[in-house]
Amino acid sequence: MSHNPRRLADPIRLIVSVEREVVEAVDSLMEQGRYHRHRNRAEFVRLAIERELARCQSDDFDGP
Numbered sequence: 010m011s012h013n014p015r016r017l018a019d020p021i022r023l024i025v026s027v028e029r030e031v032v033e034a035v036d037s038l039m040e041q042g043r044y045h046r047h048r049n050r051a052e053f054v055r056l057a058i059e060r061e062l063a064r065c066q067s068d069d070f071d072g073p
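Heads up: the sequence shown begins at 10 in the working numbering, then just goes up one per residue.
Listed below in C-alpha cells is the structure:
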C-alpha cells in the first residue's frame, strides 16, 4: 500500500459521505497538531482505509 500520497502509482478518486460530527472530530484532531501525519482530511481517510484493510486481513477476513 502507498506511504506517500503524492506518489500513488495508480490513483483513483474516491468520494465518501460521512456525518458532520465525524468531520468535526477529524478537524479537531488535525488542529491539535499532535497528528502531524494528517495534513488534510483526504490523507486522514486514506490512512484510515489502509489501516482497516490491514486489520481485516490480519483477522483472517475472507471477504464476500
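Glycine included, C-beta positions come from ideal geometry on N, C-alpha and C. Given the structure is predicted, the values throughout are model-derived calculations rather than measurements.
Rounded to whole angstroms, the separation of the alpha carbons of Gln41 and Gln66 is 31 Å.
In this structure, the alpha-carbon of Val35 lies about 17 Å from that of Glu61. For Glu61, the three-state secondary structure derived from DSSP is helix.
According to the DSSP assignment, Arg16 belongs to no alpha helix (DSSP H), since it is labelled neither H nor E.
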